[in-house]
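Shown next, in structure tokens, is the structure this report addresses.
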Amino acid sequence: MSTECSTHEPLLSSGKQEDDGFSYVKDKKAQFLVKLTRWFLKFAMCSIFIAWVSFLFLLPSESVTEWSDNYVDATSGSVLWVSGSIFLFGGPIFIIAFLAIIYLRISGEQEFQEKKKPKHAAFRLWTFPVIVDGPFGVVTAAELIGILLVVVYIIWAVSVYAIQNYNLIPYFESQGKRNAMLKHTGLRFGSIGLICIVFLFLPVARGSILLRLTNIPFEHATRYHVWLGHLTMTLFTLHGSCYFYSWILEDRVVHQLINWKNNSIANLPGVISLSAGLLMWVTSLPPVRRLNFEIFYYTHHLYIVFIVFMAMHVGDIIFSVIAAGLFLFMLDRFLRFFQSRKTLEILSAKCLPSGTVELVISKPQDLQYNALSWVFLQVRELSWLQWHPFSVSSSPLDGKHHLAILIKVLGNWTQKLRGHILSITDQDGLVQPNLKLKASVEGPYGHESPYHLLYENLILVAGGIGISPFLAILSDILHRVRDRKPCMPRNVVIIWAVKRSQELPLLHSLDMESLCPTFNAKLNLEIQTYVTQESEPPLEEGEVQKYASSTVFSSPSQCGMSRLVGTGNTIWSGTYVMVSTIGLVVSLNLVNVFYINPYDISYQWYKGLLLLICMVASVIVFGGLVIGLWSFWDRISLAKENFWDEKKTDGMLHNESTTHKNLSEGSFAKTIKHGQRPDFTEIFGTMAERWGNVDIGVIVCGPTSLERSVAKECRSKNIGRKSNAPIFHFNRHSFDL
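Here my numbering runs 956 ahead of the position in the sequence shown, where the first position is 1.
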């Protein structure tokens, strides 16, 4: 087992104190030091972030602008080149990332184990839905605060720049007031857009140490990227439109469009960059994405063109403003490239009667993920370019060497997958011995901590295949109850809406009595199923389709998932970020000392391109070195695992949990209603009366309409709450990216 697993050891222990008094005192002191260190790191990271955001917020003011210009001029003319300006505008991101590595390393799941049952229910900004219907979808109080801060910044920046432009009118006489005003206005819109790009790439770094620190999974962070993307392209469109209109007034449109100045802003690269951005923007709009996701997916790779020509358009100094966030994204993308290069063999592929495909994938023994995690999957026999996200339907405690995913057959890709599986499997749904089904996997991704275990009372609302992650949650809870591991849920209500009865067997996929024979004495489980498009049960209702997987899991092999993933492994992913960042600083200074200064390189567009090349080279050279060492260490770890597993293969083959078994009857409350939709007002009201003044975790996984209905009811109950009533904490789980 790798050293990283030791970080999660407290979660696996029974929580009993040692009998020896000296050891107990020593352990208490160690826990106190860890708590103190965590508190200090939290305080430091929050202080740095607030100071950094305040600086960016005040940047439009003349005093802050003058100070930053003086700083940039002083550092760029020295041996530091753009290292100084990168540190000013993006250094806090790197510092927070470095501190986050230490914080995550010393925390592990100890912080989760220390959680205690609260005496009274309490509101939380990030789980309190405020806006339900609107262009942003369901928005929590924390997200609304963020949106308002961005709006305030935009209003502030536009107002300050407008006043500055107005004060410059007397100096515009020789240039023509309208032309000069248009150009200065366009310049201001471009400046505000640059600040937006500082944050634009941070949410889409799937395994980013910053997302792990904030416990924001990529599936949620993606919506912030979408919001920022719309805002950024709006600002850049205004930026380009102002200049284009001024060129029309000058009657020099063609000349200005193809103009490529060496020691000033180069127009043509800006035109190319903006064109690529507009194409990405248009194809990312919801109507286009819904009609043809492939067009959106392929055109979104134009971000490379967008960034390269932006670097040449603005030059090295201005481009350094966005370098930090972009560099962290590049690190994540490079790591994902290496993880996705490895192909693995599917252990089991089964087409279920409900129109769902189940895949069981081999994974390393110490690959860490939570029950609400998900993966990106690629099957090269179907497409070399398409990657699709799917929720993991098995608990990390189900088995050491595999994980399972359920895939609803909906679009062209999933239909091809089902057809391909049927073509290579026998009548029992097992892959024929002489044929193999191979895939590539990215992930797993998800929350850093298992937040579903922090609520004593859980309401899980699923629509269709949305039941998949809740099977993992239920399995996770049962494993922990059986093994007496930290686990708070004691009351669980599952509300599942399906269109037809043929989907019901999905819920009969967990043998709870076998998994935890005494679970009904420790866990109150209630399942309410709604079949919305059938007014009455089918004739064969009494013979519910139950199925048992006869798959025997193969022993761990070299064909499992790659461990080169930023999530879960703090030591290697942290080393990767730190070494690459140090390498970037070294690269910039070497290029400056041995190339730019000796050869008197002064072209702005060329220096901007050199900065981008240094960033790419640092990721490949220094990051690649860490990845090489990481891969070598994993081969050693895998060899050790295989050595020990050979001695206990027989036991593993019979003891590994399979995914689909028969659901026990009579050990929990269960109702099936036909021709109805869930009445969340009645359901939540009943739970409120039953549970009283407690925190109720509500997790919803399903279509947008279902999310909004649940969020609306949570908001209604929370706003009209009485002192003895519960607080409903809204959480969404979605893998529809």
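From the three backbone atoms N, C-alpha and C, an ideal C-beta is built for every residue, glycine too.
Tell whether a beta-carbon distance below 8 Å holds between A1098 and W1082.
Yes.
According to DSSP, which residues form a beta bridge with K998?
Beta-bridge annotation (DSSP): K998 is not paired with any residue.
Grouping DSSP H, G and I as helix and E and B as strand, with all else coil, what is G1419?
Note: G1419 maps to strand in three-state DSSP.
Cβ-Cβ distance between A1327 and D1432 below 8 Å
Yes, they are a contact pair.
Compute the distance between the beta-carbons of Q1484 and I1451, then report whether it is under 8 Å.
Against a cut-off of 8 Å, the Cβ pair of I1451 and Q1484 comes out as a contact.
Rounded to whole angstroms, what's the CA-CA distance from R1671 to H1186? Just pull it up for me.
Rounded to the nearest angstrom, the two C-alpha atoms are 27 Å apart.
Determine the direct distance from the alpha carbon of V1095 to that of H1435, and round the result to whole angstroms.
Between H1435 and V1095, the C-alpha separation is close to 33 Å.
Report the partner residues of A1395 according to the DSSP bridge assignment.
A1395 is bridged by DSSP to L1300.
Taking DSSP's pairing of strands, which residues face G1653 in a bridge?
According to DSSP, which records beta bridges pairwise, G1653 is partnered with L1414 and H1685.
Closer than 8 Å by C-beta to Y1696: which residues in its own chain qualify, once you throw out the five before and the five after it? Chain order, please.
Past the boundaries of the shown model lies residue 1696; the chain is included only from 957 to 1693, so the question cannot be answered.
Whole angstroms is fine: what's the gap from V1365's alpha carbon to F1346's?
Taking the straight line from one Cα to the other gives about 12 Å.
Which residues in the same chain as V1541 place their Cβ atom closer than 6 Å to its Cβ, once the five residues preceding and following it in sequence are excluded?
When the five nearest sequence neighbours on each side are left out, the beta carbons in the same chain lying within less than 6 Å of the beta carbon of V1541 are those of S1039, in order along the chain.
Segment limits, alpha helix (DSSP H) that includes I933
The structure shown does not extend to residue 933, since the chain spans only 957 to 1693, so no value can be given for it.
Report the three-state DSSP secondary structure of V1313 (helix, strand or coil).
DSSP places V1313 in the strand class (E or B) of the three-state scheme.
Should A1477 go down as buried or exposed, given a rule of 16 or more other Cβ atoms within 10 Å for buried?
So A1477 ends up on the exposed side.
From S1220 to Y1407, what distance separates their C-alpha atoms?
One C-alpha to the other measures close to 51 Å.
So is V1108 buried or exposed if we call it buried at 16+ other beta carbons inside 10 Å?
Counting the other Cβ atoms within 10 Å of the Cβ of V1108 gives fewer than 16, which makes it exposed.
Would R1456 and V1417 be called neighbours here (beta carbons separated by less than 8 Å)?
The Cβ atoms of R1456 and V1417 do not sit closer than 8 Å to each other.
Ignore the nearest five residues each way along the sequence and tell me which others in D1635's own chain have a CB closer than 6 Å to its CB.
Once the five neighbours on either side are set aside, D1635 has no close Cβ partner at all.
Give the single residue among N1447, T1178 and N1123 whose Cα lies nearest to the Cα of G1653.
Per the Cα distances, N1447.
Per DSSP, what kind of secondary structure is G1607 in: helix, strand or coil?
Confidence in G1607 is poor, its pLDDT being 41 and thus under 50, which makes the residue's placement too unreliable to answer from.
Where do the N-terminal and C-terminal ends of the beta strand (DSSP E) with P1345 fall, by residue?
Per DSSP, the unbroken beta strand (DSSP E) holding P1345 starts and ends at H1344 to S1347.
Distance between D1272 and L1566 (C-alpha atoms, nearest Å)
Rounded to the nearest angstrom, the two C-alpha atoms are 8 Å apart.
Work out the CA separation of R994 and Y1059 for me, nearest whole Å.
Y1059 and R994: Cα-Cα distance of roughly 6 Å.
For V1238, is the classification buried or exposed, using 16 other Cβ atoms within 10 angstroms of its Cβ as the cut-off for buried?
Around the Cβ of V1238, a 10 Å sphere holds fewer than 16 other Cβ atoms; the residue is exposed.
Counting only the same chain and skipping the five closest in sequence on each side, list residues whose C-beta sits under 6 Å from that of R1688.
Cβ contact annotation for R1688 (same chain, cutoff 6 Å, sequence separation greater than five): V1656 and E1663, in chain order.
Here's the rule: buried if 16 or more other CB atoms are within 10 angstroms of the residue's CB, otherwise exposed. What is N1674?
With 16 or more other Cβ atoms within 10 Å, it is buried.
For N1680, count the other beta carbons within 10 Å of its own beta carbon; 16 or more makes it buried, fewer makes it exposed. Which is it?
The C-beta of N1680 has fewer than 16 other C-beta atoms within 10 Å across all chains shown, which makes the residue exposed.
Should L1565 be counted as a contact of the ligand COA given a C-beta to heavy atom distance under 7 Å?
The ligand COA is not part of this structure, which contains no ligands at all.
Restricting to Cα atoms, I'd like to know which of N1171, A1222, S1041 and L1258 is closest to S1329.
Ranking N1171, A1222, S1041 and L1258 by Cα distance to S1329 puts N1171 first.
Helix, strand or coil for E1482? Go by DSSP, reduced to three states.
In the structure shown, E1482 sits in a strand (DSSP, three-state: E or B).
With a threshold of 7 Å on Cβ separation, who are the neighbours of T1637 within its own chain once the five nearest residues in sequence on each side are excluded?
Counting only residues of its own chain and dropping the five nearest sequence neighbours on each side, T1637 has a CB closer than 7 Å to the CB of E1669.
Residues near S970 in its chain [Cβ-Cβ closer than 7 Å; skip 5 each side]:
Low confidence applies here, because S970 scores a pLDDT of 36, under 50, leaving its location unreliable; read the following figure in that light. The beta carbon of S970 sits closer than 7 Å to those of R1440, all from its chain and outside the five residues before and after it, given in chain order.
With H1269 and A1305 assumed to form a contact (beta carbons below 8 Å), what rounded beta-carbon distance in angstroms separates them?
Contact flag wrong, Cβ pair sits at about 49 Å.
Status (buried if at least 16 other CB within 10 Å, exposed otherwise) for C1570
When all chains shown are included, C1570 counts as buried.
Within 8 Å, strictly: CB atoms of I1694 and S1276:
Residue 1694 lies beyond the stretch modelled for the chain, which goes from 957 to 1693, so this question has no answer here.
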